[in-house]
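In our numbering, the protein residues as written are 14 to 978.
Each residue gets a CB set at the ideal place from its N, CA and C atoms; glycine is no exception.
Because the structure is a prediction, the values reported are computed rather than measured.
Here is the structure we will look at.
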Ligand code: SF4
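The following block contains the structure:
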């Protein structure tokens, strides 16, 4: 009933369903319910019971006018930072700060987390269920979904339907989704976008440890002598963890940091050594390390003998794979000297941590890459000890929670496996599920292939946007276009996937959800509801459970509150989990009877939480006991293999994809925050200067990128941070924000044969200049429609929307063109300022209404900044109620009245400090380090996410740099 309570808080008229009772409530003014209407074919006593429940909630709910403080967890990455939110529900206002009591983050938040309060407006939310674009009530929507799924299952069997879930779901949501599909519909076809994130790590953990166990914790970083960051731009993708490493380094001068990444990323700013290995050569590197460790007496032979198996074969394989240091150096493309430095540091650092992320996982050899790392830790016995161990960094806030409940198609639930008949029997008995799926379902890429082939006829996509994020994304889009029945539950009204849904189901957003999430160090934290539900939005677990009820499983899905689900999830983890029946690592038996009050006050804790570890467990395998049949860890014998697709004359570059500092996934939430959009406002392709020169590409050009699977457009960024022959494109842009810039359309659909994880870091592509006749941008107070340029990117600003454009065809008359795009109501009242220089193809105009800026357009025949003015300065003019004469003149000249207004690209999102401002400050005041900068202009002193870029700028001003992305 908590969510009923949330919904009751709304100032609107809406319909809810509880059981088969419709509850229609009318306007609430000053937090008072004006009327409540109940419709049902149920008996009067049943109606009275529900009415009494509502009255109790109304009587006990908090005062909406009062300020409340709520502890919750960040919505974004797998670091899982704690948030202390100050909430004013009546105004729907939330301000966030780091929760100093949260053990994983100790009060720190990055730029994304600290701006979460700016993403909570109702604008753009999906507020009502829809069928075929028509608003319906929940009853109709639930009936439609359940009946269509039931009909397809009856006609074609359970494997003709599928769920595609997300690491954004809470554990309770995930649990019921998995239970419904695997336990009651009877198919394994539930997979998740976490497949794209860390499924290779999961498979590698199981191969080596016999279980999907993360042995280490964040505190280990403070004890380490050597931290190896491989395939991880930690500075941007896990910023608070990066800050912890930076601080550890400041406190311990002997701590060494090695970054292994084909690119020079902001993470390299704290690196003592950067190994820019060639794409896909990780196995050779760690095979080389294993050989080196053996040759230099760095093995922990006692640990190997007592707690592992398969070492000799693994070493033999490694030695054959890369017989010499020289062969490692040549294979990986790194200098021999650097290689030896890394191997020496690893050899002599008893406390070594290796952190790995998507750069390792997103590969057709992702599992082998992780096992190559684990081999080195097992060989040195560096696992389960303070400051020593491998640590997989998960991308999403609840990727780990999904793993716990069996959100991946090849898992069962509570770390039980399809391949184990005892496990299947346990889960079936626990759920009382006579129809439990007998085999794994399809992993993400195969699942959408089955949709394309018509084998899967109904799919329910939950809180994710596969039309953007999956590889071969155009194919995925076509698959959904022709799918018989597509259901999408999400909190936003539009994204590229929702546009293809037959049924849209409004789910709660981050600030409304109530449940638990688990971060990269196995720490379970509460996400707590801060605000009432938006419109008729409901929790994902509620939606799934009600569909399950409609499908005839009322008894097993009669959940009314997330604590009931969490309790059951904990009880399942404990079910026959002992020496007699078989031990499992994941055990929450201490919470099997958790009360509602305990759930409300739940404090973050690392699983397992049981009789042996009532306060949770920091590290696994400190006892040398693993979860294989003989309790020994397994070495895996590995040989390097080339990627399936290599560059050639048609596609001469290898495309690498990844995240940016200030955007999240497909931008549906982070792009609501103007200051986050200013860091990297456009999709770009980063290319080495030599490659750029070879292909006549200049920074600021627009490029066409093509692969065997699709194409996209992006702004060219020339940078020595990139290896020759490799290019980088961020993963975030969708059709909601850019016309042709989904990098997923290019990415090859090859997957790791063991994990099913796609190879998002290695696709052969071509890069060619898009020969535009014109380039330009518009800043407009009102959003504009149908701009029709070939290249088009939309960027939300504070008082304006920015459109970056380029096109082949020049309009006859720019003034006529822009007039058509502006709102009709401005006609006649608008004042125009214009400047034209036909020789340079320049057209500038500013449109004002009573002295206030309405729009600015700047067009030129080339994209250089010398002809197209600085956007940030122009954007600042939209904050003015009336432009001065000086402003107007500056607009026409394309230059600000004073140079300091030309702030440059945003670096510090918290204090809006731009690159030009920082460069001027560094040179004029001889600032030496980021602390000097902080004292001078506050940049970098709040969330600290920009510190690596500030450090890079200091180097750049001091000497010619390697640029950052
Ligand atoms: Fe959120 Fe940033 Fe913490 Fe990740 S590092 S959980 S994005 S605040």
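Discussion item. If distances are taken between C-alpha atoms only, which option among 171, 900, 810 comes closest to residue 469?
Written reply: In the chain shown, counting from the first residue as 1, residue 469 sits at position 456. Checking every option, the nearest Cα to that of residue 469 belongs to 171.
Practice prompt. Please report how far the alpha carbon of residue 274 lies from the alpha carbon of residue 293, in whole angstroms.
Written response: Within the chain shown, numbered from 1, the residue matching residue 274 stands at position 261. Within the chain shown, numbered from 1, the residue matching residue 293 stands at position 280. Computed Cα separation, rounded: 10 angstroms.
Worksheet item: When the Cα atoms are used, what is the spatial distance from residue 649 to residue 235?
Response: Taking the chain shown and counting its residues from 1, the one referred to as residue 649 is at position 636. Taking the chain shown and counting its residues from 1, the one referred to as residue 235 is at position 222. Distance between the alpha carbons of residue 649 and residue 235: 30 angstroms.
Discussion item. Can you tell me whether residue 414 is helix, strand or coil according to DSSP?
Written reply: Residue 414 sits at position 401 when you count from the first residue of the chain shown. DSSP places residue 414 in helix when its eight states are reduced to three.
Worksheet item: Can you list, in chain order, every residue whose CB sits closer than 5 angstroms to a heavy atom of the ligand SF4?
Response: 87, 89, 90, 92, 94, 122, 123, 125, 126, 252, 253
Item to complete: Could you please give me the residues that DSSP links to residue 203 through a beta bridge?
Response: Along the chain shown, one-based indexing puts residue 203 at 190. Beta-bridge pairing links residue 203 to 176.
Item to complete: Find out if the Cβ-Cβ distance for the pair residue 182, residue 475 is shorter than 9 angstroms.
Response: Translated into the one-based positions of the chain shown, residue 182 becomes position 169. Translated into the one-based positions of the chain shown, residue 475 becomes position 462. Yes, they are a contact pair.
Fill in: beta strand (DSSP E) segment containing residue 95, residue limits
Sequence index remark: in the chain shown, residue 95 carries index 82 (1-based). 95-101 is the extent of the beta strand (DSSP E) around residue 95.
Worksheet item: When burial is assigned at 16 or more other CB atoms within 10 Å of the CB, is residue 17 buried or exposed?
Response: Taking the first residue of the chain shown as position 1, residue 17 is located at position 4. Low confidence applies here, because residue 17 scores a pLDDT of 45, under 50, leaving its location unreliable; read the following figure in that light. Buried: at least 16 other Cβ atoms inside 10 Å.
Item to complete: Under the assumption that residue 726 contacts residue 714 (Cβ atoms under 8 angstroms), give the Cβ distance between them as a whole number of angstroms.
Response: As a working mapping, residue 726 is identified with position 713 in the chain shown. As a working mapping, residue 714 is identified with position 701 in the chain shown. At roughly 11 angstroms, the Cβ-Cβ gap does not stay under 8 angstroms, so residue 726 and residue 714 are not in contact.
Fill in: Burial state of residue 167, where buried means 16 or more other Cβ atoms lie within 10 Å
By 1-based counting over the chain shown, the position of residue 167 is 154. Counting Cβ neighbours within 10 Å, residue 167 comes out exposed, since fewer than 16 surround it.
Worksheet entry | residue 693, buried or exposed, once every other Cβ within 10 Å from all chains shown has been counted against 16 | Within the chain shown, the letter at position 680 stands for residue 693. It counts as buried.
Practice prompt. Give me the Cβ distance between residue 770 and residue 764, rounded to the nearest whole Å; I'm assuming they're in contact under 8 angstroms.
Written response: Indexing the chain shown from 1 puts residue 770 at position 757. Indexing the chain shown from 1 puts residue 764 at position 751. Indeed, because the Cβ distance is near 6 angstroms, the residues count as touching under 8 angstroms.
Worksheet item: Can you give the Cα-Cα distance for residue 230 and residue 526, rounded to whole angstroms?
Response: In the chain shown, the residue the question calls residue 230 occupies position 217. In the chain shown, the residue the question calls residue 526 occupies position 513. One C-alpha to the other measures close to 27 angstroms.
Item to complete: Please look up how many angstroms separate the CB atoms of residue 295 and residue 367, rounded, as I've assumed it's under 8 angstroms.
Response: Position 282 of the chain shown, counted from the start, is the residue given in the question as residue 295. Position 354 of the chain shown, counted from the start, is the residue given in the question as residue 367. No, residue 295 and residue 367 are not in contact; Cβ-Cβ is about 11 angstroms, not under 8 angstroms.
Discussion item. Just to confirm the assignment, what range does the alpha helix (DSSP H) spanning residue 156 have?
Written reply: Mapped onto the chain shown, residue 156 falls at position 143. Run containing residue 156: 151-169, per the alpha helix (DSSP H) assignment.
Worksheet item: With residue 505 and residue 154 assumed to form a contact (beta carbons below 8 angstroms), what rounded beta-carbon distance in angstroms separates them?
Response: What you label residue 505 is simply residue 492 of the chain shown in a count that begins at 1. What you label residue 154 is simply residue 141 of the chain shown in a count that begins at 1. 17 angstroms between Cβ atoms; not a contact.
Worksheet item: Which class does residue 697 belong to by DSSP, given the choice of helix, strand or coil?
Response: Here residue 697 refers to the residue found at position 684 when the chain shown is read from its first residue. Reduced to three states, the DSSP call for residue 697 is strand.
Practice prompt. Helix, strand or coil for residue 488, going by three-state DSSP, please let me know.
Written response: The residue given as residue 488 occupies position 475 in the chain shown. Helix.
Worksheet item: So what does DSSP say about residue 444, is it helix, strand or coil?
Response: Stepping through the chain shown from its first residue, residue 444 is reached at position 431. Helix at residue 444.
Discussion item. What does the alpha-carbon distance come out to for the pair residue 674 and residue 491?
Written reply: On the chain shown, position 661 is the one that residue 674 refers to. On the chain shown, position 478 is the one that residue 491 refers to. Going from the Cα of residue 674 to the Cα of residue 491 covers about 31 angstroms.
Discussion item. Would the segment 407-415 count as touching the segment 143-157 if we require 3 or more Cβ pairs under 8 angstroms?
Written reply: no
Worksheet item: DSSP state of residue 315, grouped into three classes?
Response: Numbered from 1 along the chain shown, position 302 holds the residue referred to as residue 315. Correct three-state label for residue 315: helix.
Worksheet item: When the Cα atoms are used, what is the spatial distance from residue 429 to residue 459?
Response: By one-based count along the chain shown, residue 429 stands at place 416. By one-based count along the chain shown, residue 459 stands at place 446. In a straight line, the C-alpha of residue 429 is about 22 angstroms away from that of residue 459.
Worksheet item: Would residue 184 be called buried (16 or more neighbouring beta carbons within 10 Å of its own) or exposed?
Response: Stepping through the chain shown from its first residue, residue 184 is reached at position 171. With 16 or more Cβ atoms within 10 Å of its Cβ, residue 184 is classed as buried.
Fill in: CB-CB length for residue 1014 against residue 84, believed under 8 angstroms
The chain is shown from 14 up to 978; residue 1014 falls before or after that span and cannot be answered.
Item to complete: Count the other C-beta atoms from every protein chain shown that fall within 10 angstroms of the C-beta of residue 711, then say buried if there are 16 or more, exposed otherwise.
Response: Mapped onto the chain shown, residue 711 falls at position 698. Answer is exposed; the Cβ neighbour count stays below 16.
Worksheet entry | Burial state of residue 396, where buried means 16 or more other Cβ atoms lie within 10 Å | Residue 396 sits at position 383 when you count from the first residue of the chain shown. Per the 10 Å Cβ criterion, buried.
Practice prompt. Count the other CB atoms, across all protein chains shown, that sit within 10 Å of the CB of residue 672; report buried if there are 16 or more and exposed otherwise.
Written response: To locate residue 672, count along the chain shown from 1; it is residue 659. With 16 or more Cβ atoms within 10 Å of its Cβ, residue 672 is classed as buried.
Worksheet item: Over what stretch of residues does the beta strand (DSSP E) that includes residue 808 continue unbroken?
Response: Counting from one through the chain shown, the residue named residue 808 turns up at place 795. Residues 804-809.
Item to complete: Please say whether residue 509 and residue 314 have beta carbons closer to each other than 9 angstroms?
Response: Residue 314 sits at position 301 when you count from the first residue of the chain shown. Residue 509 sits at position 496 when you count from the first residue of the chain shown. Cβ atoms of residue 314 and residue 509: not closer than 9 angstroms.
Worksheet item: Taking the alpha-carbon positions, what's the residue 195 to residue 513 distance?
Response: Taking the chain shown and counting its residues from 1, one reaches residue 195 at position 182. Taking the chain shown and counting its residues from 1, one reaches residue 513 at position 500. About 26 angstroms.
Worksheet item: Which runs of the alpha helix (DSSP H), 4 residues or longer, sit entirely within the segment 342-408?
Response: 349-361, 371-374, 379-392
Discussion item. Just verifying my parser: in three-state terms, what is the DSSP assignment at residue 493?
Written reply: To locate residue 493, count along the chain shown from 1; it is residue 480. Helix.
Worksheet item: From which residue to which residue does the beta strand (DSSP E) around residue 609 run?
Response: Locating residue 609 in the chain shown gives position 596, where the first residue counts as 1. No beta strand (DSSP E) holds residue 609; the alpha helix (DSSP H) holding it covers 609-613.
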